[in-house]
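Since the structure comes first, as structure tokens, the remarks are kept for the end.
What follows is the structure in structure tokens.
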């Protein structure tokens, strides 16, 4: 899996997330942490994509 495929998969995961308090809070937390480490211009998109990916994997793990 190359970077382009990983970004596309993360974007699809972000779009397919269920909207609830836990997912929203986790996305905000991940974005703030990554924005603090990197610049906000890099941290926000990476945080959203990474958060979507992490939350989707967490959801799949709990459903199985």
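Numbering (the numbering used here), first residue to last: -15 to 48.
Here a beta-carbon is modelled for each residue, glycine too, at the ideal position from N, C-alpha and C.
This one's a predicted model, so the numbers in the text were calculated from it and none came from an experiment.
Give me the Cα-Cα distance between residue -11 and residue 11, rounded to the nearest whole angstrom.
So the two alpha carbons sit approximately 21 Å from each other.
Whole angstroms are fine: how far does the CA of residue -14 sit from the CA of residue 16?
Taken atom to atom, the span from the alpha-carbon of residue 16 to that of residue -14 is near 26 Å.
In this structure, does DSSP put residue 47 in helix, strand or coil?
Residue 47 carries a helical assignment under DSSP once its states are collapsed to helix, strand and coil.
Which class does residue 1 belong to by DSSP, given the choice of helix, strand or coil?
In the structure shown, the three-state DSSP call for residue 1 is coil.
Distance CB(residue 18)-CB(residue 34) smaller than 9 Å
Contact annotation: residue 18 and residue 34 have beta-carbon atoms nearer than 9 Å.
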